[in-house]
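**Student:** Residue numbers for the sequence shown, in our numbering: 2 to 280.
Here it is, the structure, as structure tokens.
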Amino acid sequence: KQGAFITLIARDENKLLQTKKEIEKNCVNDKQVVLCISVDVCKDYEQVENVLKQAQEKLGPVDMLVNCAGTSVTGKFEDIEVNSFERLMAVNYLGSVYPSRAVIATMKERRMGRIVFVSSQAGQLGLFGYTAYSPTKFALRGLAEALQMEVKPYNIYVTVAYPPDTDTPGFAEESKTKPLETKLISETSSVCQAEQVARVIVKDAIQGNFNSSVGSDGYMLSILTSGMSPVTSITEGLQQVVCMGIFRIVGLFYLGSFDSIVRRCMMQREKSESADKTE
2 KQGAFITLIA RDENKLLQTK KEIEKNCVND KQVVLCISVD VCKDYEQVEN VLKQAQEKLG
62 PVDMLVNCAG TSVTGKFEDI EVNSFERLMA VNYLGSVYPS RAVIATMKER RMGRIVFVSS
122 QAGQLGLFGY TAYSPTKFAL RGLAEALQME VKPYNIYVTV AYPPDTDTPG FAEESKTKPL
182 ETKLISETSS VCQAEQVARV IVKDAIQGNF NSSVGSDGYM LSILTSGMSP VTSITEGLQQ
242 VVCMGIFRIV GLFYLGSFDS IVRRCMMQRE KSESADKTE
């Protein structure tokens, strides 16, 4: 809708073509091109580098790279298959490292560019059931902070997006296997629509904001977890300083309620198990 040429990179050719048609409906002029390339972004770096070279030869250099490849596995730590930890780290972390690595040199040469990493609120706060997922999303923040320090002198800006639960096919699939504790904790906040989240991410990326959050809970989490992360303006830094203490108090109440949910579920489970034994 802003006149951009789009390159879509994913594995499933059918889904790529469906998405291409959907995007083309929103083109604002006849010159816009939507290119589809089928490749696994976390499997082979050289392959990812080659397809991005092809895309840039056809459509020109990448102005904005949006890394949003991701998947989730929920469950208790001891119940999650060990290979799931490896797979999630590959998809959620390396799936963002490889494309970013492939475009960064050209962005530096041009002295311009935007790189977006789609993390999650579970990348700001570790929650019950997300022992495989959360660390991969936390990793993206570390990558983003280090990379931003490297590329800022080249007028390249990195944005880390921390969306809440969002109504997507992936979220629906994840919900099928969520432990009760995780479901109850998730229900303490509402589910956002994908278009709403996308609009916020695009706006923040274009403005060069380091943090991108959605809603009041997202804003509070971004303040609470700001730490040594870059700020876009003096105003943002002052907001963090002023609000940190108040939000920490609110955050402690949230943590207390989450702990209460976990304890309650554990007691109910133990009571149910003991009742089964007596029968």
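The C-beta atom is built at its ideal place from N, Cα and C for all residues, glycine as well.
Pick from Thr132, Gln197, Glu50: whose alpha carbon is nearest that of Ser85?
**Tutor:** On the sequence shown, position 84 is the one that residue 85 refers to. The option with the nearest alpha carbon to Ser85 is Thr132.
**Student:** Quick check: the Cα distance between Gln122 and Lys26, rounded to an integer number of angstroms?
**Tutor:** Here residue 122 refers to the residue found at position 121 when the sequence shown is read from its first residue. Here residue 26 refers to the residue found at position 25 when the sequence shown is read from its first residue. Each residue's alpha carbon lies about 31 Å from the other.
**Student:** Taking contact to mean at least 3 C-beta pairs separated by less than 8 Å, is the stretch 220-229 in contact with the stretch 248-261?
**Tutor:** yes
**Student:** Determine, using beta carbons only, whether Glu182 and Phe248 come nearer to each other than 8 Å.
**Tutor:** Along the sequence shown, one-based indexing puts residue 182 at 181. Along the sequence shown, one-based indexing puts residue 248 at 247. No; because the gap between Cβ atoms is not below 8 Å, this pair is not in contact.
**Student:** Identify whether Gly71 lies in helix, strand or coil by the three-state DSSP scheme.
**Tutor:** Here residue 71 refers to the residue found at position 70 when the sequence shown is read from its first residue. Gly71: coil per DSSP, three-state reduction.
**Student:** Measure the beta-carbon distance from Leu89 to Thr137 and round it to whole angstroms, keeping in mind my assumption that it falls under 8 Å.
**Tutor:** Counted from its first residue, the sequence shown places residue 89 at position 88. Counted from its first residue, the sequence shown places residue 137 at position 136. The Cβ separation is near 5 Å, so the contact holds.
**Student:** For Thr8, which residues from the same chain have a beta carbon less than 7 Å from its beta carbon, with the 5 sequence-adjacent residues on both sides left out?
**Tutor:** Residue 8 sits at position 7 when you count from the first residue of the sequence shown. Same-chain partners within the cutoff: Leu36, Ile38, Ala56, Leu60.
**Student:** Who are Thr160's beta bridge partners in DSSP?
**Tutor:** Residue 160 sits at position 159 when you count from the first residue of the sequence shown. Thr160 is bridged by DSSP to Val117.
**Student:** Just checking, does the stretch 106-118 make contact with the stretch 136-151 on the three C-beta pairs under 8 Å criterion?
**Tutor:** yes
**Student:** Evaluate Ile262 with the Cβ neighbour count: other Cβ atoms within 10 Å of its Cβ, from every protein chain shown; 16 or more gives buried, anything less gives exposed.
**Tutor:** Walking along the sequence shown from the start, residue 262 turns up at place 261. It is buried - the Cβ of Ile262 has at least 16 other Cβ atoms within 10 Å.
**Student:** Flag this pair as yes or no: are the beta carbons of Tyr134 and Ser213 separated by less than 8 Å?
**Tutor:** As a first step, residue 134 must be located in the sequence shown, where it is residue number 133. As a first step, residue 213 must be located in the sequence shown, where it is residue number 212. No, the Cβ-Cβ distance between Tyr134 and Ser213 is not below 8 Å.
**Student:** Hey, Pro180 and Gly76: beta-carbon distance below 8 Å or not?
**Tutor:** In the sequence shown, counting from the first residue as 1, residue 180 sits at position 179. In the sequence shown, counting from the first residue as 1, residue 76 sits at position 75. Yes, the pair counts as a contact, with Cβ atoms nearer than the cut-off.
**Student:** Return yes when the Cβ of Val192 is within less than 8 Å of the Cβ of Asp218, no when it is not.
**Tutor:** Reading the sequence shown from its first residue, position 217 is the one you call residue 218. Reading the sequence shown from its first residue, position 191 is the one you call residue 192. Not closer than 8 Å, so no.
**Student:** Give, in chain order, every unbroken run of the alpha helix (DSSP H) that is at least 4 residues long and sits entirely within the stretch 41-117.
**Tutor:** Every unbroken stretch of the alpha helix (DSSP H) spanning 4 or more residues and falling wholly within the stretch 41-117 is given here in chain order: 46-60, 83-89, 96-111.
**Student:** At what residue ranges does the stretch 182-265 contain a whole run of the beta strand (DSSP E), taking only runs of 3 or more?
**Tutor:** 212-214
**Student:** Please classify Asn93 as buried or exposed, where buried requires at least 16 neighbouring CB atoms within 10 angstroms.
**Tutor:** Position 92 of the sequence shown, counting from 1, holds the residue named residue 93. Label assigned to Asn93: buried.
**Student:** From which residue to which residue does the alpha helix (DSSP H) around Val152 run?
**Tutor:** Residue 152 sits at position 151 when you count from the first residue of the sequence shown. Looking at the DSSP string, the run of the alpha helix (DSSP H) that includes Val152 is 135-152.
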